[in-house]
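Peer 1: Residue numbers (our numbering): 8 to 136. We put the beta carbon where it would ideally sit given N, CA and C, even for glycine.
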């Protein structure tokens with residue numbers, strides 16, 4: 008384990024970003040897909056690895072996550088706004104067919120995630136996946 012000192016506010020902000028927001032996003036994506044269902048067409052029949060991986064945490068306890076997100080409400084609201092801004096930027100790039108901007112956004116995210124996984128793998132116990 009790697010212990011870091013932080014203020015309660017820093018803790019709430021960081022956990023809102025890397026734990027609480029992903030849960031909300033997973034729950035929201037599953038609900039959005041459910042709303043696409045038609046009488047003879049269920050989008051979940053076509054879901055595969057990406058959907059499964061992204062939404063795994065939507066199988067977490069709804070009661071527990073209700074309590075967590077309400078407890079960290081202020082920090083989580085700021086992170087929801089940050090994600091909405093990122094999605095709006097991607098939407099603008101998509102609407103304008105700005106492939107370079109999309110590629111830049113995707114590349115930046117890929118590089119950041121790859122670097123994070125590399126750090127995890129270098130930790131004792133190699134926790135990267």
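Within the same chain, show all residues whose beta-carbon is closer than 8 Å to that of residue 50, passing over the 5 residues directly before and after it, in chain order.
Peer 2: Against the chain shown, residue 50 aligns to sequence position 43. Cβ neighbours of residue 50 beyond the five flanking positions: 40, 43, 44.
Peer 1: Would residue 23 and residue 83 be called neighbours here (beta carbons separated by less than 7 Å)?
Peer 2: As a working note, residue 23 is residue 16 in the chain shown. As a working note, residue 83 is residue 76 in the chain shown. Yes, these two residues count as a Cβ contact at 7 Å.
Peer 1: Could you check if residue 127 is buried or exposed, using at least 16 other CB atoms within 10 Å of its CB as the buried criterion?
Peer 2: Within the chain shown, residue 127 is the residue found at index 120, counting from 1. The residue is exposed, with fewer than 16 neighbouring Cβ atoms inside 10 Å.
Peer 1: I'd like to confirm the pairing. Which residues does DSSP put opposite residue 48 in its beta bridges?
Peer 2: The residue you call residue 48 lines up with position 41 of the chain shown. DSSP lists 45 as partners of residue 48.
Peer 1: Consult DSSP for residue 105 and reduce its assignment to one of helix, strand or coil.
Peer 2: In the chain shown, residue 105 corresponds to position 98, counting from 1. Of the three classes helix, strand and coil, the one that applies to residue 105 here is coil, per DSSP.
Peer 1: Over what stretch of residues does the alpha helix (DSSP H) that includes residue 76 continue unbroken?
Peer 2: In the chain shown, residue 76 corresponds to position 69, counting from 1. Run containing residue 76: 69-78, per the alpha helix (DSSP H) assignment.
Peer 1: May I ask which residues mark the beginning and end of the alpha helix (DSSP H) holding residue 21?
Peer 2: Stepping through the chain shown from its first residue, residue 21 is reached at position 14. Element bounds for residue 21: 15-22.
Peer 1: Rounding to the nearest angstrom, what Cα-Cα distance links residue 55 and residue 48 in this structure?
Peer 2: The residue labelled residue 55 in the question sits at position 48 within the chain shown. The residue labelled residue 48 in the question sits at position 41 within the chain shown. Going from the Cα of residue 55 to the Cα of residue 48 covers about 16 Å.
Peer 1: Skipping 5 residues on each side, what residues in its chain have a beta carbon closer than 8 Å to that of residue 90?
Peer 2: Translated into positions along the chain shown, residue 90 becomes position 83. 28, 32.
Peer 1: Go through its chain and collect everything with a Cβ distance to residue 72's Cβ below 6 Å, but skip five positions before and after it.
Peer 2: Position 65 of the chain shown holds residue 72. The answer, listed in chain order, is 30.
Peer 1: Spatial neighbours of residue 62 within its chain, please: CB distance less than 8 Å, with the 5 preceding and 5 following residues excluded, ordered by chain position.
Peer 2: Your numbering for residue 62 matches position 55 in the chain shown. Result list for residue 62: 33, 36, 37, in chain order.
Peer 1: Anyone know if the C-beta pair for residue 109 and residue 119 falls short of 7 Å?
Peer 2: Here residue 109 refers to the residue found at position 102 when the chain shown is read from its first residue. Here residue 119 refers to the residue found at position 112 when the chain shown is read from its first residue. Cβ atoms of residue 109 and residue 119: not closer than 7 Å.
Peer 1: How should residue 19 be labelled, buried or exposed, when 16 other C-beta atoms within 10 angstroms of its C-beta is the threshold for buried?
Peer 2: Here residue 19 corresponds to residue number 12 of the chain shown, with the count starting at 1. Burial call: buried.
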